[in-house]
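Here's the structure, in structure tokens; my notes come after.
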Amino acid sequence: MKIEDLLSPDLMIMDLKATTQEEAIKEMADLEVKQGVVNNEEEFIKSIWAREKESTTGIGEGIAMPHARNKYINRAAVLFAKSPKGIDYKALDGQPVHLFFMITAPAGADNTHLQALAKLSSLLINPDVVNALKAATTPEEVIDIFKKAEAEKDAQDKADAEKRKAEAAKEASKPVSEQKPLIVGVTACINGIAHTYMAQEALIKAGKKLGVDVRIETNGSEGVKDKLTPEEIKRAKGVIIASDKKVDMPRFNGKELVMKPVVDGINHPKELIEDILENKAPIYHADSSASSSDNDAKEKQGLWASIYKNLMSGISHMLPFVIGGGILMAISFIVENYMAGGAKNPAFIFLNSAGNLAFAFMVPVLAAYIAESIGDLPALMPGFVGGYMAAIVNGTNGLQVNAQAHAVSPAGFLGGIAAGFIAGYMMIGLKKLFAKLPKSVEGMKPMLLYPILGLLFIALIMFYIINPIFSSVNFAITHFLNSMGTGNLVILTMILAGMMAIDMGGPFNKAAYVFASGAFANDPHSATAAVMMAAVMVGGMVPPFATAIGTTFFKNRYTKEERRAGVSNWILGFSFITEGAIPFAAADPGRVIPSCVIGSAVGGLLVGLWHIQVPAPHGGLWVSPLSNHILLYFVATIVGSIVAGLIMSFWKKPVSEDPDE
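As structure tokens, this is what we get:
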């Protein structure tokens with residue numbers, strides 16, 4: 021089916037009279053009913069608004085693509101409307117919309133209709149087509165523009181397919197190190213009849229300009245198309261997920277991965293690709309027990325997964341404050357101890373003040389972004405205030421809090437986590453409470469009701485419940501940690517360091533790091549907290565160092581690709597980037613993970629036994645000058661790494677390929 025079969029002069033409005041989003045949708049829906057495309061206008065409009073509430077279909081550059089697929093639609097069609105003055109359609113770029121494409125598909129639309137709709141969507145990222153449509157004055161011109169653009173695209177797609185086939189054969193003949201970078205991805209939107217294919221087209225075009233091969237799988241109304249092969253995923257430098265719905269994720273385990281809404285794939289394809297090329301994307305870690313086939317089951321059991329996701333959202337936003345503030349404060353202590361003037365030295369005052377300022381925002385930011393992850397933007401402010409109330413010391417800024425006066429803070433790190441979750445779920449409750457308010461007062465909710473009630477309720481909860489409870493908990497934990505003897509401390513540092521190697525960036529790793537960094541954040545001057553930070557850093561450095569040692573000294577036990585990866589792990593290990601060992605763990609988890617856990621635990625044992633302190637929350641061996649025992653810090657890391665590397669290498673069987681290749 022051709023695009024022109026979906027277009028009709030009777031379904032075009034060349035001078036839209038509407039001045040608002042509501043009026044525009046109503047005016048277009050009226051014509052849909054008049055032309056027999058829609059059989060129930062009221063329900064059809066409801067479905068259009070339901071899609072708009074998920075995310076605006078105003079994609080930017082003056083274009084909006086409201087669309088629906090349901091039983092209230094009789095046939096697949098595209099209504100074209102043009103507003104010379106432009107309409108505020110809540111577009112992503114905030115600019116007025118001039119061109120509207122109301123795309124409709126019946127619930128039982130066949131693949132030929134859907135393919136034509138997909139092709140039309142992909143044409144709309146072509147600026148020449150958009151400019152021509154803006155200049156068109158008659159329905160016949162509009163149809164002619166699409167006919168011409170479709171013919172050119174078909175010819176270009178055919179030529180590109182032949183070119184890709186030839187290039188793929190040529191690339192396959194080259195050594196892996198000389199092949200052009202490959203980025204794979206998945207695009208998907210809720211209805212799957214527009215944005216999915218526009219994002220695919222935009223990413224492929226951006227890849228061409230950057231000299232990168234881009235392969236995109238689409239998850240649209242037709243189901244999965246252009247499905248990625250395991251070989252492509254294995255070869256890919258990274259993965260881009262531009263999707264508004266769930267996609268098959270476990271297959272991307274261990275890959276650099278960027279996950280954004282589908283509209284980012286349309287509007288910012290170059291930035292997404294550059295994030296992969298510049299190694300800015302985080303490594304994706306799938307649940308080790310998950311598989312592609314059990315994704316749906318995993319989603320249904322998702323309470324703990326949801327809690328973890330929301331907690332990680334807060335922690336990821338908090339870490340720059342912890343790391344930046346913590347390291348500057350640690351450097352300030354060196355200045356205080358070794359430079360003239362001590363605590364009055366201007367360098368100490370500056371560095372210590374800057375570090376303390378960053379630390380002051382740590383708990384509020386943690387709580388704010390936990391809340392925002394749960395309840396969206398309206399929950400951000402209550403979360404931030406709740407986190408601030410958890411962070412202030414008793415009586416600070418004139419605010420008297422019902423908490424123990426000798427506690428480090430009224431509620432501390434744990435209180436901030438509680439504040440974030442409470443604020444997030446409280447906002448969900450407020451949204452449900454006000455869901456049936458008249459549409460005429462819809463604007464009051466984000467501007468008046470949510471901020472006032474959100475602030476009032478979180479302040480009451482923090483003041484009368486959370487701070488009194490968690491101040492006692494916080495004090496008890498701090499007192500327990502600071503009073504630990506060597507024996508108990510050694511057990512704790514062994515456990516923390518070993519956890520860092522269990523999943524190398526996953527939930528166990530993060531739990532250990534958050535526990536140590538939380539203790540450090542509560543009291544940066546605590547010697548015990550500094551020992552815990554040293555333990556998690558040693559535990560996190562052992563896996564990459566162990567694989568580097570193994571691939572260097574036991575070459576016959578590792579493949580050619582593993583030996584290449586092992587070289588970079590020297591630097592990754594030095595920098596406390598545990599993820600460098602993930603490809604080894606993914607290829608042989610039964611040997612690599614236990615070996616690394618044992619080695620990390622040994623390193624943690626030595627840290628606790630020798631009371632090695634590192635008063636910084638990140639940095640690996642780069643921050644060794646901050647340690648109270650610099651040499652022993654290196655020794656603990658080296659011993660743990662050698663233990664893990666030897667166990668792993670002797671446990672592995674020799675590979676058949678030539679180790680000297």
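Numbers given in my numbering equal positions in the sequence shown, counted from 1, plus 20.
Built from N, CA and C at the ideal position, the CB exists for glycine as well.
Buried or exposed (CB count within 10 angstroms, at least 16 for buried), residue i
i	result
residue 370	exposed
residue 372	buried
residue 234	buried
residue 246	exposed
residue 85	buried
residue 480	exposed
residue 583	buried
residue 362	exposed
residue 40	exposed
residue 358	exposed
residue 104	exposed
residue 428	Low confidence applies to residue 428: its pLDDT is 45, below 50, so where it sits in the model is not reliable enough to give any reading.
residue 440	buried
residue 633	buried
residue 485	exposed
residue 360	exposed
residue 300	exposed
residue 490	buried
residue 457	exposed
residue 76	buried
Rounded Cβ spacing between residue i and residue j (contact assumed at less than 8 Å)
i	j	result
residue 442	residue 406	7 Å
residue 431	residue 410	4 Å
residue 64	residue 88	7 Å
residue 570	residue 586	7 Å
residue 24	residue 33	That belief does not hold up - the Cβ atoms of residue 24 and residue 33 are roughly 18 Å apart, past 8 Å.
residue 675	residue 627	So it is not a contact: roughly 34 Å between Cβ atoms.
residue 97	residue 162	So it is not a contact: roughly 14 Å between Cβ atoms.
residue 331	residue 513	About 23 Å; that fails the 8 Å criterion.
residue 352	residue 390	With 8 Å as the limit, residue 352 and residue 390 do not qualify as a contact, their Cβ atoms being about 29 Å apart.
Between the CA atoms of residue j and residue i - distance to the nearest angstrom
i	j	result
residue 656	residue 186	53 Å
residue 43	residue 215	23 Å
residue 382	residue 402	15 Å
residue 417	residue 546	Residue confidence is low: residue 417 scores 43 on pLDDT, short of 50, so the model does not pin down where it sits. Its coordinate-derived value is still stated next. About 25 Å.
residue 279	residue 302	10 Å
residue 255	residue 204	9 Å
residue 646	residue 224	47 Å
residue 69	residue 80	18 Å
residue 644	residue 348	14 Å
residue 556	residue 516	6 Å
residue 283	residue 667	48 Å
residue 172	residue 611	55 Å
residue 464	residue 447	15 Å
residue 93	residue 71	15 Å
residue 574	residue 521	21 Å
residue 227	residue 28	35 Å
residue 327	residue 26	45 Å
residue 376	residue 599	30 Å
residue 650	residue 554	11 Å
residue 270	residue 304	9 Å
residue 341	residue 238	38 Å
residue 117	residue 101	10 Å
residue 221	residue 145	8 Å
residue 200	residue 653	41 Å
residue 508	residue 292	47 Å
residue 622	residue 660	5 Å
residue 511	residue 615	19 Å
Residues bridged to residue i (per DSSP)
i	result
residue 235	204
residue 87	123
residue 339	Per DSSP, none; premise fails for residue 339.
residue 276	258 and 303
residue 269	Bridge partners of residue 269: none, in fact.
residue 227	Answer by DSSP bridge pairing: none, since residue 227 is not bridged.
residue 385	DSSP output for residue 385 lists no bridge partner at all.
residue 263	208
residue 93	58
residue 33	101
residue 78	84
Any non-hydrogen atom of the ligand FMN within 7 Å of residue i CB
i	result
residue 608	With respect to the ligand FMN, the structure shown offers nothing to examine, as it has no ligands at all.
(request) Let me know the alpha helix (DSSP H) ranges lying completely inside the region 548 to 635, each 4 residues or longer, listed in chain order. (result) 580 to 594, 602 to 607 and 609 to 630
(request) Entirely within the region 95 to 170 and at least 3 residues each: give me those beta strand (DSSP E) ranges in chain order. (result) 97 to 107 and 117 to 126
(message) Going residue by residue through the region 432 to 512, where are the continuous alpha helix (DSSP H) segments of at least 4 residues, counting only ones entirely within it?
(response) You should have 432 to 453, 470 to 481 and 487 to 502.
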